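Report on the structure given below.
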Amino acid sequence: TCVTLPGEEILVAKREHKFIPFISEIVIFSLVLPLSSIGALISIFLLQSITILVSFLLLMGILTILAITKVIIDWYFHLYIITSRKIMEIRVVPFFGERIDDVFLDQVRTTEIDAKIPTFFHEFINMGNVTIAFDRPSHDKVFMLENIPKPRQTAMYLCDALEHLMRDTQEPPGIWFQQQKPSEHSRFHEDIYNGRTVHA
-2 TCVTLPGEEI LVAKREHKFI PFISEIVIFS LVLPLSSIGA LISIFLLQSI TILVSFLLLM
58 GILTILAITK VIIDWYFHLY IITSRKIMEI RVVPFFGERI DDVFLDQVRT TEIDAKIPTF
118 FHEFINMGNV TIAFDRPSHD KVFMLENIPK PRQTAMYLCD ALEHLMRDTQ EPPGIWFQQQ
178 KPSEHSRFHE DIYNGRTVHA
């Protein structure tokens, strides 16, 4: 389980946008269809063997199903989870293990939460990145939630939630929220500071 510390609660749990595995599936089909057609033509006109044709198409079908299954499994078991105590990126490979990258919130100070939607198409399907910047004693660290759905809403919710946590732990609040549009790459649209929202 992701909740392992006393009093820990899950704030946000996100997978990548469903468009990400869909694109991978389109790529798989765009490769399989021409290869299957070429193999079928060779089997029929050059080798003149129905057995080879059926075997080849069966093999291509099995490989296609395996590739699509892997894409779906990789997407399903790749999670971004933010709790009241830590931030985690989890990649699970069934039967083989898992990889967890985490940041404990009591060891860092959150300085900026940034929502980025790179293009109009990303805006259309409501997909983008949320970047959380931390100030550590030794160095700065950035944690990114990539290609998630509803990036603006997620960033604003995280800003409010993390600021409340900092206030509860008597840390000086100072989280900045920045959202960027394709034509505006440097201007702050909404700055959240000390519990107040200031529109730029």
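Under this note's numbering, the first residue of the sequence shown carries the number -2, and numbering increases by one thereafter. Glycine included, C-beta positions come from ideal geometry on N, C-alpha and C. Here the structure is a predicted model, which is why all the values come from computation and not from measurement.
Taking the runs of the beta strand (DSSP E) that are 3 residues or longer, which of them lie wholly in the segment 85 to 162? Counting only runs of 3 or more, we get 94 to 101, 106 to 113, 124 to 132 and 137 to 146.
Assess, as a yes-or-no matter, whether the segment 141 to 148 is touched by the segment 7 to 16 under the definition of 3 or more beta carbon pairs within less than 8 Å. With a cut-off of 8 Å, the segment 141 to 148 and the segment 7 to 16 count as touching, because enough Cβ pairs lie within range.
CA-to-CA distance, Asp157 to Phe74, given in whole angstroms: Phe74 and Asp157 have their C-alpha atoms spaced approximately 27 Å apart.
Name the one or two DSSP bridge partners that Thr80 has. Its beta-bridge partners are Ile7.
From the DSSP output, which residues share a beta bridge with His75? According to DSSP, His75 bridges with Arg88.
Environment of Asp132 [buried if 16+ CB atoms lie within 10 Å]: That one is exposed.
Pull up the distance between the alpha-carbon of Leu28 and that of Ile70, whole angstroms please. The straight-line gap from Cα to Cα measures roughly 20 Å.
Per DSSP, what kind of secondary structure is Ser46 in: helix, strand or coil? Coil, per DSSP.
Measure the alpha-carbon distance for Pro169 versus Glu86 and round it to whole angstroms. Only weak support is given to the placement of Pro169: the predicted model assigns it a pLDDT of 49, under 50, and the value that follows is read from those uncertain coordinates. Their Cα atoms are separated by approximately 26 Å.
Taking the straight line between their C-alpha atoms, what separation do you get for Gly125 and Lys11? Taking the CA atoms as reference points, Gly125 sits about 12 Å from Lys11.
Start-to-end residues for the alpha helix (DSSP H) that takes in Ser40: Taken as a continuous stretch (DSSP letters only), Ser40 belongs to no alpha helix (DSSP H), as it is neither H nor E.
Measure the CB-CB distance between Ile84 and Asp99 and report whether it falls below 8 Å. Yes.
Through-space distance from Arg82 to Gly4, alpha-carbon basis: If you take the alpha carbons of Gly4 and Arg82, they lie about 9 Å apart.
Just to confirm, is the Cβ distance from Ala37 to Leu50 under 8 Å? Yes. Within cutoff.
According to DSSP, is Lys67 helix, strand or coil? Under the three-state reduction of DSSP, Lys67 is assigned to helix.
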